[in-house]
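Participant: Line by line, the protein sequences are chains A and B.
If you're matching positions, the first sequence starts at 1 in the UniProt record's numbering and goes up one per residue.
If you're matching positions, the second sequence starts at 1 in the UniProt record's numbering and goes up one per residue.
Virtual Cβ for every residue (Gly too), placed ideally from N, Cα, C.
Sharing a structure, written as structure tokens. Questions coming.
Number of protein chains: 2
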Amino acid sequence: MPRPSRHSDMPSPDTAGPGSDGLDRGMLPGLVGYALRRAQVAVFQDFAREMAAMRVPVTPGEFGILVLVSRNPGLSQTALARAIGVDRSTLVPILDRLERHGLIKRHPSPTDRRSHALELGAAGMALLPLYEAAVRRHERRIQRRLRAGEGGALIAALDLLLDGATSR
Amino acid sequence: MPRPSRHSDMPSPDTAGPGSDGLDRGMLPGLVGYALRRAQVAVFQDFAREMAAMRVPVTPGEFGILVLVSRNPGLSQTALARAIGVDRSTLVPILDRLERHGLIKRHPSPTDRRSHALELGAAGMALLPLYEAAVRRHERRIQRRLRAGEGGALIAALDLLLDGATSR
DNA sequence: TATTGTTATACTCTATAACTATA
DNA sequence: TATAGTTATAGAGTATAACAATA
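Below you can see the structure in the form of structure tokens.
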């Protein structure tokens, strides 16, 4: 994890953040939620920049779907929707697009004729390794200001944050 | 086709994340971007939950606007839009709502008759301290699984991430 | 009766372009 | 000519409700 900042508790009000414009931001720079939101936006933009070089660019959410489908072949749309936290109706146009580009394929389920068994399509099998490499490049770039091993500690801290924000 | 990376790289693939559903998530749990997105969603929901108790609930973005306006009275809409990273046209309906609730006020600028000088409204002056207290409670809750001082380190790491993702 | 995928619909958030009144 | 605020409009992204087919 990052440096054990030897300050007592509430982080400093901060006179001016990085790339600042001279405005007084008050308590904002001391808030985890504020740092989280700004980092999130920048990281998404960097992801898109890396993907722009690909033949079929995908969003972070779509990349997640491709990984999930490849590791859990035969998954149903409802199960996938639950796994990524969206309504099953929200998933339909997303899968439509991925299927249109051959990234995934909707097979008839052998056991339930209402259900679709999701698999990677031909383009998906060809491109997923390229997407994974692109994501690794992206991860290396966004973490380049961190010290070695700090990325893992950051993930651990974010998972703890998720837990603190989620659990009753 | 998930390929065994022969680099000594990413953290462990993770057998099952917290609150998992038995699905194999492959490399996802080892990605900072993935942890960031999930934490972000949970933290926003917790913010909304804290705000639900207030007379006039505000979003994280609206809270940021109130802080900015209170610390930089006389700010113009264009300057504010730039500070929070949205188009100035996007800001208009947001300020409309805040003004309707008396949280902010658009004064005529003394120096430029095209421009509005933003100030806190009467309700804004009364409520901002309550919002700030609510945000501190929210911050304390989401950080409750972290060790003492780790919140500051987390902010520092997120700021470094922002820098790595942003700079050319 | 309940569930799966789908459709229709609506709501939120955001941007672009064009307008107006000033500068 | 350029800028500040505004409007009209459009495109993502998301959800809810209802439907047909199937369980």
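Between the alpha carbons of A35 of chain B and R113 of chain B, how many angstroms are there, rounded?
Facilitator: A35 of chain B and R113 of chain B: Cα-Cα distance of roughly 47 Å.
Participant: Entirely within the region 4-87 of chain A and at least 4 residues each: give me those alpha helix (DSSP H) ranges in chain order.
Facilitator: If we require 4 residues or more, the alpha helix (DSSP H) runs fully inside the region 4-87 of chain A come out as 32-51, 60-71, 77-84.
Participant: For the beta strand (DSSP E) that P129 of chain A lies in, which residues bound it at each end?
Facilitator: It is not in any beta strand (DSSP E) - P129 of chain A instead sits in the alpha helix (DSSP H) that spans 122-142.
Participant: Hey, how far is the Cα of M125 of chain B from the Cα of S167 of chain A?
Facilitator: Their Cα atoms are separated by approximately 33 Å.
Participant: Could you check where the alpha helix (DSSP H) with G102 of chain B kicks off and where it finishes?
Facilitator: Note, G102 of chain B: premise wrong, no alpha helix (DSSP H); not H, not E.
Participant: In whole angstroms, what is the alpha-carbon distance linking A122 of chain B and K105 of chain B?
Facilitator: Those two C-alpha atoms are separated by around 9 Å.
Participant: Strictly by DSSP, which residues pair up with L118 of chain A?
Facilitator: In DSSP, L118 of chain A forms a bridge with A:L75, A:R106.
Participant: What first and last residue would you give for the alpha helix (DSSP H) that runs through G151 of chain A?
Facilitator: Its alpha helix (DSSP H) spans residues 150-166.
Participant: Less than 8 Å between the CB atoms is what I'm expecting for G164 of chain A and R145 of chain B, so what's the real figure, rounded?
Facilitator: Contact holds; Cβ gap of about 4 Å.
Participant: As a quick exercise: from A:S20, A:G61, A:G85, pick the residue whose alpha carbon is nearest that of D21 of chain B.
Facilitator: Closest by alpha carbon: A:G85.
Participant: With a cut-off of 8 Å on the beta carbons, I'd call V67 of chain A and G26 of chain B a contact; round off their distance for me.
Facilitator: Confirmed, Cβ separation roughly 5 Å.
Participant: Among B:L28, B:A134, B:L23, B:Q40, whose alpha-carbon lies nearest the alpha-carbon of L160 of chain A?
Facilitator: Residue B:Q40 is the option with its Cα nearest to L160 of chain A.
Participant: Is the Cβ-Cβ distance between V43 of chain A and G33 of chain B less than 9 Å?
Facilitator: In contact: V43 of chain A and G33 of chain B (Cβ atoms closer than 9 Å).
Participant: Name the residues in the region 23-37 of chain A whose C-beta lies less than 8 Å from a C-beta of chain B; which are they?
Facilitator: So the close ones are L23, D24, R25, G26, M27, L28, P29, G30, L31, V32, G33, Y34, A35, L36, R37.
Participant: Given a cut-off of 9 Å on the beta-carbon distance, is the pair R141 of chain A and E62 of chain A in contact?
Facilitator: Result no, Cβ atoms of R141 of chain A and E62 of chain A do not sit closer than 9 Å.
Participant: With the cut-off set at 9 Å, would you say I65 of chain A and P29 of chain B are in Cβ contact?
Facilitator: No; because the gap between Cβ atoms is not below 9 Å, this pair is not in contact.
Participant: Is the Cβ of S70 of chain B closer than 9 Å to any Cβ of chain A?
Facilitator: Output row for S70 of chain B: interface = yes.
Participant: If you measure between the beta carbons of V56 of chain B and L31 of chain A, is that distance less than 9 Å?
Facilitator: No, the Cβ-Cβ distance between V56 of chain B and L31 of chain A is not below 9 Å.
Participant: Distance cutoff 9 Å, beta carbons only. Does G164 of chain A sit that close to anything in chain B?
Facilitator: Yes, its Cβ sits closer than 9 Å to a Cβ of chain B.
Participant: Please confirm whether R71 of chain B and D87 of chain A have their CB atoms less than 9 Å apart.
Facilitator: Not a contact, by the Cβ cut-off of 9 Å.
Participant: Would Q143 of chain B be called buried (16 or more neighbouring beta carbons within 10 Å of its own) or exposed?
Facilitator: Per the 10 Å Cβ criterion, buried.
Participant: DSSP state of T90 of chain A, grouped into three classes?
Facilitator: The answer is helix: DSSP assigns T90 of chain A an H, G or I state.
Participant: 9 Å is my cut-off, CB to CB: does I104 of chain B come that close to chain A?
Facilitator: With 9 Å as the cut-off, I104 of chain B does not count as an interface residue toward chain A.
Participant: Once DSSP output is grouped into helix, strand and coil, what is the label at R97 of chain A?
Facilitator: Reduced to three states, the DSSP call for R97 of chain A is helix.
Participant: Return no unless some Cβ of chain B is closer than 9 Å to the Cβ of I94 of chain A.
Facilitator: Judged by the 9 Å Cβ criterion, I94 of chain A is not in contact with chain B.
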